[in-house]
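All remarks here apply to the structure that follows.
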Amino acid sequence: MHQARSRVEFRDFFKAHYGPIIAVYRFIADDATRTAELDTAVSALADEYLIDGRMEWKYLLAVGRRAAPLALS
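Every position in the sequence shown, counted from 1, becomes a number in the numbering used here once 999 is added.
Have a look at this one:
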């Protein structure tokens, strides 16, 4: 498990390894202002939740299934 020692290291790790963040950075790559804003927002997460190189996050995983279509007769 990776332990970030600073907000910048945390941000750079997420930019390189976390799929949703990678996708957003690719989408806004041509917009320096939006990229800087995202850098700031991701770093702010570290400021709020990074304690001794770790984050204690809880999250819910759920799987949904779509019902079979109704047969019309």
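In this text, a Cβ means the ideal position worked out from N, Cα and C, and glycines have one as well. Computed from a prediction, not measured in an experiment: that's the story for all the values here.
The beta carbon of Leu1059 is closer than 6 angstroms to none in its chain, skipping five residues each way along the sequence. Ile1050 has Arg1053 as its beta-bridge partners, per DSSP.
Between Ala1003 and Phe1012, the CB-CB gap stays under 8 angstroms. With 16 or more other Cβ atoms from the protein chains shown falling within 10 Å of its own Cβ, Phe1009 counts as buried. The criterion of a C-beta distance shorter than 8 angstroms is satisfied by Val1041 and Ile1020.
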